[in-house]
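*Asks:*
Number of protein chains: 2
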Amino acid sequence: MKARGLPESRALAILQEELPKFGASTLVGIGDDAAVLQKSAKRLVWTIDACSEGTHFKPSWLGPEDLAHKSLHAAVSDLCAMGARPTAALVQLTLAPWLTASRLRRLAREQAAVCRALGCPIVGGNLTRGTEVQLVTTALGHLPGRPLERTRAQVGDELWLMGAVGEARLGLHALERGWENEPHFAVCVNALRRPRALVQEGLRLARTAHACLDVSDGLRRDAPRLAQSSDVRVVIEASRLERSADEAFRRAAAALGLDPLQEMLEGGEDYALLATGPSARRPRGARIIGRVERGRGAWLEAARGRTRLEGGFEH
Amino acid sequence: MKARGLPESRALAILQEELPKFGASTLVGIGDDAAVLQKSAKRLVWTIDACSEGTHFKPSWLGPEDLAHKSLHAAVSDLCAMGARPTAALVQLTLAPWLTASRLRRLAREQAAVCRALGCPIVGGNLTRGTEVQLVTTALGHLPGRPLERTRAQVGDELWLMGAVGEARLGLHALERGWENEPHFAVCVNALRRPRALVQEGLRLARTAHACLDVSDGLRRDAPRLAQSSDVRVVIEASRLERSADEAFRRAAAALGLDPLQEMLEGGEDYALLATGPSARRPRGARIIGRVERGRGAWLEAARGRTRLEGGFEH
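First to last, the protein sequences are chains A and B.
Take my numbering: the final residue in the first sequence is number 317, and no numbers are missing along the way.
Take my numbering: the final residue in the second sequence is number 317, and no numbers are missing along the way.
(1) Cα separation between residue 161 of chain B and residue 133 of chain B?
(2) Less than 6 Å between C-beta atoms, sequence neighbours within five positions excluded: which residues of the same chain meet that for residue 258 of chain A?
(3) Taking Cβ-Cβ distances shorter than 7 Å, what residues in chain B pair up with residue 57 of chain A?
(4) If we require 3 or more residues per run, which beta strand (DSSP E) segments fall completely within the stretch 216-256 of chain A?
(5) In angstroms with no decimal places, state the Cα-to-Cα distance between residue 149 of chain B and residue 206 of chain B.
(6) Since residue 301 of chain B sits in a beta bridge, which residues does DSSP pair it with?
(7) Looking only at DSSP bridge pairs, what is residue 136 of chain B linked to?
(8) When you compare only the Cα positions, how much space is there between residue 79 of chain A and residue 139 of chain A?
(9) Could you pull the start and end residues of the alpha helix (DSSP H) that residue 76 of chain A belongs to?
(10) Can you grab the Cα-Cα spacing for the pair residue 182 of chain B / residue 191 of chain B, in whole Å?
(11) How long is the line joining the alpha carbons of residue 229 of chain A and residue 231 of chain B, rounded to whole angstroms?
(12) Using 8 Å for Cβ pairs, my map puts residue 211 of chain A next to residue 277 of chain A. What's the rounded Cβ distance?
(13) Take the Cβ of residue 282 of chain A as the centre, count every other Cβ of all protein chains shown within 10 Å, and call the residue buried at 16 or more, exposed below.
(14) Can you say whether residue 226 of chain B is buried or exposed, counting buried as having 16 or more other CB atoms within 10 angstroms of its CB?
(15) Does the separation of the CB atoms of residue 141 of chain B and residue 81 of chain B fall below 7 Å?
(16) Against chain A, with Cβ distances strictly below 7 Å, would residue 8 of chain B count as a contact?
(17) For residue 310 of chain A and residue 242 of chain A, what's the separation of their Cα atoms in angstroms?
(18) Quick check on residue 3 of chain A: buried or exposed, where buried means 16 or more other Cβ atoms within 10 Å of its Cβ?
(19) So that I know if they touch, is there some Cβ in chain B lying closer than 7 Å to that of residue 106 of chain A?
(20) Rounded to whole angstroms, how far is the Cβ of residue 166 of chain B from the Cβ of residue 251 of chain B, which I believe are closer than 8 Å?
(21) Output yes if chain B places a C-beta closer than 7 Å to the C-beta of residue 16 of chain A; else output no.
(22) Out of A/116, A/168 and A/144, state which residue places its alpha-carbon closest to the alpha-carbon of residue 260 of chain A.
(23) Answer with buried or exposed for residue 223 of chain B, where buried requires no fewer than 16 other C-beta atoms within 10 angstroms of its C-beta.
(24) So which residues of chain B does residue 54 of chain A contact, with C-beta pairs closer than 8 Å?
(25) Is there a Cβ of chain A sitting closer than 7 Å to that of residue 138 of chain B, yes or no?
(26) Could you tell me the boundaries of the beta strand (DSSP E) in which residue 125 of chain B lies?
(27) Would residue 92 of chain B pass as an interface residue toward chain A - the criterion being a Cβ-Cβ separation below 7 Å?
(28) Going by DSSP, name the residue or residues bridged to residue 155 of chain B.
(29) Could you tell me the alpha carbon to alpha carbon distance between residue 57 of chain B and residue 97 of chain A, rounded to whole angstroms?
(30) Would you report the Cα separation of residue 135 of chain B and residue 129 of chain B, rounded to the nearest angstrom?
(31) Return the bridge partner residues of residue 295 of chain B from the DSSP annotation.
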């Protein structure tokens with residue numbers, strides 16, 4: 003039994019102790035076959051996302067608290083990109099032997115804290131045993147207004163970025179080199195371990211943007227998706243994108259000897275929001291990084307010409 | 003690239019081709035950050051379930067079609083156990099190298115067929131890469147009436163079984179011995195590969211039963227859960243349970259030299275429904291296998307006395 007790790011019944015007991023049964027809309031929570039929600043909203047937004055050992059993280063890089071934080075925020079980020087407010091989540095947790103009772107308790111405590119902060123209770127889930135830890139999170143949200151789809155970018159729109167891109171990638175570089183405790187990587191390592199779903203930013207975008215998606219796979223991959231979904235050309239202006247980076251990011255890139263612009267294009271897992279909309283209605287916090295034109299594909303426009311963005315980041 | 007298996011973009015294209023965008027309540031389906039559903043029902047039932055290579059299946063035992071079938075029915079079974087009708091599903095699919103394009107297409111085609119049969123469209127999901135294939139399915143359902151919880155069994159209730167128990171376990175024994183093509187194992191092997199979520203049975207139970215759960219981990223584990231959740235004693239009568247088995251199951255047990263009763267107690271993954279309710283309101287198809295008494299725990303009552311049911315099946 004010991005070699006197989008924590009028994010499921012013990013794991014369930016820990017989760018039930020640490021995760022509060024809160025949320026007025028939850029009629030039946032953790033412990034039954036399924037959760038029951040009482041919903042007044044008519045339009046539900048629904049997503050699922052995986053955080054897998056080996057593919058998305060190494061246990062030596064992310065602690066149990068980081069896993070709790072990152073997995074929930076990553077799933078909720080998809081709701082943000084639709085202009086929704088999170089309602090509730092379910093978590094399918096794969097238990098591997100290294101996830102001891104005390105680590106699971108740390109994970110569950112952080113889940114409870116994150117859920118409270120996001121207003122998104124975990125109302126149930128499922129436990130499985132495996133050789134590697136995995137958290138698959140499904141989250142439901144409700145829409146105050148219309149859904150913010152990725153198919154409605156219009157020619158003449160500005161291209162907006164909410165949040166930072168590239169920081170999590172630099173954080174990963176720092177971890178790979180064992181530099182995570184050096185002060186000029188603090189912001190970037192934190193961006194990797196504790197990304198933040200942009201709930202308020204998504205709600206603001208929903209009021210005025212034409213299209214939006216979250217940059218989970220990096221601009222190089224996600225900008226072409228936006229272009230293709232909306233059947234337009236997306237042009238990223240290199241100078242504007244570079245100017246959108248903050249000082250901590252620049253210092254970290256310099257310390258690593260990396261080109262900031264390339265890192266901003268390649269970096270995924272920051273969960274920034276990429277949106278388009280009319281200039282007159284640009285919401286607070288949205289930085290212009292380009293524009294939408296007639297045509298196809300996503301392009302990077304720099305002083306020496308345009309290059310097409312293709313391929314790029316896979317976990 | 004080849005060694006890493008199917009690229010995600012190609013996998014997504016196959017899924018989008020094979021999975022129809024049907025379902026009147028789906029406003030935004032596969033391809034955006036999240037699905038958007040238009041719901042009229044006020045009470046939603048929501049579950050998540052994993053079907054993982056190594057833990058739940060071996061690729062040599064379950065084909066792509068079986069995986070599609072089993073993963074969806076297993077998730078929907080949790081909705082059945084709450085008395086809900088399935089509405090829609092999302093699937094997080096982990097791609098391993100052995101899941102080639104043609105296998106993925108077979109899987110997606112069967113998903114489409116199962117969804118149609120269950121009235122439960124797949125409206126989105128997520129793709130990840132890994133060393134083993136995994137399908138994590140989250141399903142939403144709506145309740146025509148009240149939710150069928152596991153906490154409301156009453157002293158004096160009959161204990162009812164809908165569906166078979168033990169067949170999938172005998173199917174597994176047959177596969178382990180390479181006997182899957184022998185005719186007297188056909189029913190049991192099929193029960194393992196293509197379990198059926200008891201949608202209509204769950205809806206019938208919801209009208210009269212006091213409590214219900216699905217027997218995904220076997221009666222030995224699930225009957226004590228029912229007892230504990232409802233704070234009652236659950237008594238399974240060995241003679242009644244044995245009589246509930248059908249002829250194909252008995253023949254398969256005999257061919258394997260196994261005690262049918264033990265297999266019925268240990269066998270999980272049949273997705274039968276275990277319920278309790280008043281004798282006068284026993285629904286069609288529910289077989290009495292025992293009763294609910296004052297006390298604690300789940301007990302097996304045989305000619306030579308009572309034994310307590312504890313522990314048992316973990317995947």
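A virtual CB, placed ideally from N, CA and C, is assigned to each residue, including glycine.
*Replies:* Checking against the coordinates, here is how it stands:
(1) 43 Å
(2) The answer, listed in chain order, is 175.
(3) 130, 131 and 132
(4) 235-239
(5) When only Cα atoms are considered, residue 149 of chain B and residue 206 of chain B end up about 12 Å apart.
(6) B/237 and B/310
(7) B/54 and B/96
(8) 12 Å
(9) 66-82
(10) Between residue 182 of chain B and residue 191 of chain B, the C-alpha separation is close to 6 Å.
(11) 52 Å
(12) For residue 211 of chain A against residue 277 of chain A, the beta-carbon gap comes to about 4 Å, under 8 Å, which counts as contact.
(13) Result: exposed.
(14) buried
(15) yes
(16) no
(17) 17 Å
(18) With a pLDDT of 31 at residue 3 of chain A, under the threshold of 50, the predicted position of this residue should be treated as unreliable, though the coordinate-derived value follows. Looking at its Cβ environment, which holds fewer than 16 other Cβ atoms inside 10 Å, residue 3 of chain A is exposed.
(19) It does not: the Cβ of residue 106 of chain A has no partner Cβ on chain B nearer than 7 Å.
(20) 7 Å
(21) no
(22) A/168
(23) With 16 or more other Cβ atoms inside 10 Å of its own Cβ, residue 223 of chain B counts as buried.
(24) 96, 130 and 132
(25) yes
(26) 124-131
(27) yes
(28) Residue 155 of chain B pairs with nothing; no bridge assigned.
(29) Residue 57 of chain B and residue 97 of chain A: Cα-Cα distance of roughly 11 Å.
(30) 11 Å
(31) B/235
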